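Chains as they are written, first to last, in the numbering used here: chain A, 837 to 1063; chain B, -1 to 323.
From the three backbone atoms N, C-alpha and C, an ideal C-beta is built for every residue, glycine too.
Note that this is a predicted model, so its numbers are computed, not measured.
This is the structure in structure tokens:
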């Protein structure tokens, strides 16, 4: 049986190759704009002097843990945590959707809490502990939430799925920790693990394929097993 | 995004001094609004001072029975605080009605107060906007204004303040505490913190350059039934068309503040005297000077109906049981 892994080519490699070809075809006399963000070592040194206008990119060092592994980086200060993960650490499981905190595709877990990695700077996470979809589980050793998404078909195209799964894992922890939500009837009682709660609490993760009902089934399944 | 230099501050006064020293410098805390605007080059700070290490992240009881909320307390933590849930339910409800779980985990108390408007013409850098570029004009006036202000607006700006949290804080008579570069502190009543647009819509708060918010203080609890009702185009994760924050006492009196209708949380204390007489009279007082556009005149009716629903809920006649007895 043929397996896609038999080919010495990843989907990402294929897409990047196609994009480079397209860029060369469309603008043969201009370097692809992408190179400016990928070639971090080619950056000029930071502007010196307290009041110097910082018109050129500024580099800054930062160290944090990603999926249990210490990572030392020197990044343009503008680099979001999302771009640090994808472009510098090549952890491409975390997705860039809107890049403005509206879609949730970039959701990762930092210091135990789910956040939009597109709306935070990498340099702001010195000493932080980041968990991405790759850190939750891997093929052959899936996290229960990953396995439940597979079992319940909680996706179609799959692009929002890593964000949905990271969000769902941290969301169930928020309910366990007693954090109320907009639909919690009694603010002074512990919130319950219900479908209404999941729907409200997952509203920061958009699925354009509309796999919501199966996503809710997957989350309910995991919550039931953990209870 | 424009390049910028970056430093971490180790004390509130040092942070204020760092901003005062560097033209174009800004504080960054949660970053959920600032980074969005920096990507669009609506905000273009040349230097960022990260204030996340300032240890302003606790909620503490005050000697007079209120609460002092550190500037860096995250929206999730504040909404979940047992004392806030018990004594200031309208604040928990307002926080939980805003943004998404991910954003609330990052967004801070001070940053929420300092949110910029979501007016589509402020966001569209191809359009004139007196708030983004003073003197350039206002494309929202005569433009698509369904979401925009109906009261307190000016010929220069009809933007609204997007915060839910601030509306509840206005109803609760909160006070904003600040520090300046020389270490001097002051307190600003929330009523005076946000400004109306007037001729200078780009100046949104009473803060002076370099002034840093350190805390928001709530006076001792006033009891009553706390309700926050937000009307929006989606059931979750959308800005308000209209919102009502109310604290209603047994005699039918109380307090009401509105969101989604003005450049600041909208409260008219004189109108509150009419609360026992019902939503119609109170709304007439709240929106007496309203100047809606063709697109958003519906908000006047929507405020009255939402307030009627809130008052009914507070009396225990509503669809949802009152949160606090």
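8 Å Cβ cutoff, residue i in contact with chain A
i: residue 327/B; result: This structure cannot speak to residue 327/B, because chain B is shown only from -1 to 323.
i: residue 237/B; result: no
i: residue 4/B; result: yes
i: residue 276/B; result: no
i: residue 234/B; result: yes
i: residue 42/B; result: no
i: residue 33/B; result: yes
i: residue 103/B; result: yes
i: residue 37/B; result: yes
i: residue 94/B; result: yes
i: residue 30/B; result: yes
Endpoints, the beta strand (DSSP E) within which residue i is located
i: residue 905/A; result: 905 to 912
i: residue 42/B; result: Neither: residue 42/B is in no beta strand (DSSP E) and is coded neither H nor E.
i: residue 4/B; result: 3 to 6
i: residue 23/B; result: 23 to 26
i: residue 260/B; result: Segment: none, residue 260/B is in no beta strand (DSSP E) and carries neither H nor E.
i: residue 1080/A; result: Residue 1080/A lies beyond the stretch modelled for chain A, which goes from 837 to 1063, so this question has no answer here.
i: residue 902/A; result: 895 to 902
Proximal residues of chain B, C-beta to C-beta of residue i below 7 Å
i: residue 969/A; result: Simply none; closest approach about 15 Å.
i: residue 943/A; result: 100
i: residue 951/A; result: 100, 103, 104
i: residue 959/A; result: 4
i: residue 1007/A; result: 99
i: residue 1023/A; result: 83, 87, 90, 321
Alpha helix (DSSP H) segment containing residue i, residue limits
i: residue 103/B; result: 99 to 104
i: residue 87/B; result: 87 to 95
i: residue 257/B; result: Per DSSP, residue 257/B belongs to no alpha helix (DSSP H); it is in the beta strand (DSSP E), 252 to 257.
i: residue 1049/A; result: 1048 to 1062
i: residue 278/B; result: 277 to 284
i: residue 308/B; result: 296 to 312
i: residue 76/B; result: 73 to 78
i: residue 1033/A; result: 1031 to 1037
i: residue 32/B; result: 32 to 37
i: residue 107/B; result: 107 to 111
Residue i: contacting residues in chain A (beta-carbon distance under 7 Å)
i: residue 74/B; result: 1015
i: residue 56/B; result: Per Cβ cutoff of 7 Å: no residues; residue 56/B is ~17 Å from chain A at best.
i: residue 330/B; result: For residue 330/B there is no data in the structure shown, the boundaries of chain B being -1 and 323.
Closer than 9 Å at the beta carbon, the chain A residues around residue i
i: residue 265/B; result: By Cβ distance, chain A contributes nothing, its closest Cβ being about 23 Å from residue 265/B, past 9 Å.
i: residue 14/B; result: Within 9 Å Cβ-Cβ: nothing; residue 14/B doesn't reach chain A, min ~16 Å.
i: residue 123/B; result: None at all; the shortest Cβ gap to chain A is about 14 Å.
i: residue 50/B; result: 960
i: residue 183/B; result: Chain A residues near residue 183/B: none, gap ~26 Å exceeds 9 Å.
Listed by chain order, chain B residues near residue i by CB distance under 9 Å
i: residue 1030/A; result: Within 9 Å Cβ-Cβ: nothing; residue 1030/A doesn't reach chain B, min ~15 Å.
Beta carbon proximity, residue i to chain B, threshold 8 Å
i: residue 1010/A; result: yes
i: residue 1050/A; result: no
i: residue 956/A; result: yes
i: residue 1059/A; result: no
i: residue 1036/A; result: yes
i: residue 1033/A; result: no
i: residue 1039/A; result: yes
i: residue 930/A; result: no
i: residue 965/A; result: no
i: residue 990/A; result: no
i: residue 937/A; result: yes
i: residue 940/A; result: yes
Residue i: contacting residues in chain B (beta-carbon distance under 8 Å)
i: residue 1003/A; result: 99, 100
Chain A residues whose Cβ lies nearer than 8 Å to that of residue i
i: residue 313/B; result: Correct list: empty, because the minimum Cβ distance to chain A is about 18 Å.
i: residue 78/B; result: 1013, 1014, 1015, 1016
i: residue 110/B; result: What residue 110/B touches in chain A: nothing, since even the nearest Cβ is about 14 Å away.
If you pair each beta-carbon of the region 11 to 22 of chain B with each one of the region 170 to 184 of chain B, do three or more pairs fall below 8 Å?
Output reads yes: the region 170 to 184 of chain B touches the region 11 to 22 of chain B.
The region 895 to 913 of chain A / the region 50 to 69 of chain B touching (three or more Cβ pairs under 8 Å):
Touching, no, given that fewer than three Cβ pairs across the two stretches are closer than 8 Å.
With three or more C-beta pairs closer than 8 Å as the rule, is the region 97 to 114 of chain B touching the region 943 to 952 of chain A?
These segments touch.
Ordered list of alpha helix (DSSP H) runs contained in the region 932 to 1006 of chain A, each at least 4 residues:
The region 932 to 1006 of chain A contains these whole alpha helix (DSSP H) runs: 969 to 972, 980 to 988.
When Cβ atoms are compared, which residues of the region 888 to 920 of chain A fall closer than 9 Å to chain C?
The chain labelled as chain C is not found among the protein chains of the depicted structure, namely A and B.
Between the region 123 to 135 of chain B and the region 45 to 55 of chain B, do at least 3 Cβ pairs fall closer than 8 Å?
Verdict: no, contact absent.
Which runs of the beta strand (DSSP E) spanning at least 3 residues fall entirely within the region 177 to 254 of chain B, listed in chain order?
Here the runs fully enclosed are 183 to 187, 210 to 216, 223 to 229, 240 to 246.
Given 8 Å, three or more beta-carbon pairs between the region 194 to 211 of chain B and the region 149 to 159 of chain B:
Yes: the two stretches touch, three or more of their Cβ pairs being nearer than 8 Å.
Check whether the region 931 to 946 of chain A touches the region 983 to 1001 of chain A, taking contact to mean three or more Cβ pairs, one atom from each stretch, closer than 8 Å.
Between the region 931 to 946 of chain A and the region 983 to 1001 of chain A there are three or more C-beta pairs closer than 8 Å, enough to call the two in contact.
Across the region 212 to 225 of chain B and the region 74 to 92 of chain B, are there enough close Cβ pairs to call them in contact, namely three or more that are closer than 8 Å?
Short answer: they touch.
Pair every Cβ in the region 135 to 145 of chain B with every Cβ in the region 170 to 178 of chain B, then say whether three or more of these pairs are closer than 8 Å.
As far as the Cβ criterion goes, the region 135 to 145 of chain B does not touch the region 170 to 178 of chain B, which means the pair count is below three.
Cβ contact check for the region 934 to 948 of chain A and the region 1039 to 1051 of chain A: 3 or more pairs under 8 Å
Output reads yes: the region 1039 to 1051 of chain A touches the region 934 to 948 of chain A.
Evaluate contact between the region 1047 to 1055 of chain A and the region 977 to 986 of chain A, counting only Cβ atoms and requiring at least three cross-stretch pairs below 8 Å.
They touch, by the three-pair rule.
With a threshold of 8 Å, are at least 3 pairs of Cβ atoms found where one atom belongs to the region 234 to 246 of chain B and the other to the region 294 to 313 of chain B?
Between the region 234 to 246 of chain B and the region 294 to 313 of chain B, the count of Cβ pairs shorter than 8 Å is three or higher; the stretches touch.
Give a yes or no on contact between the region 18 to 29 of chain B and the region 1026 to 1036 of chain A, applying the rule of three or more CB pairs nearer than 8 Å.
Result no; under three Cβ-Cβ pairs closer than 8 Å.
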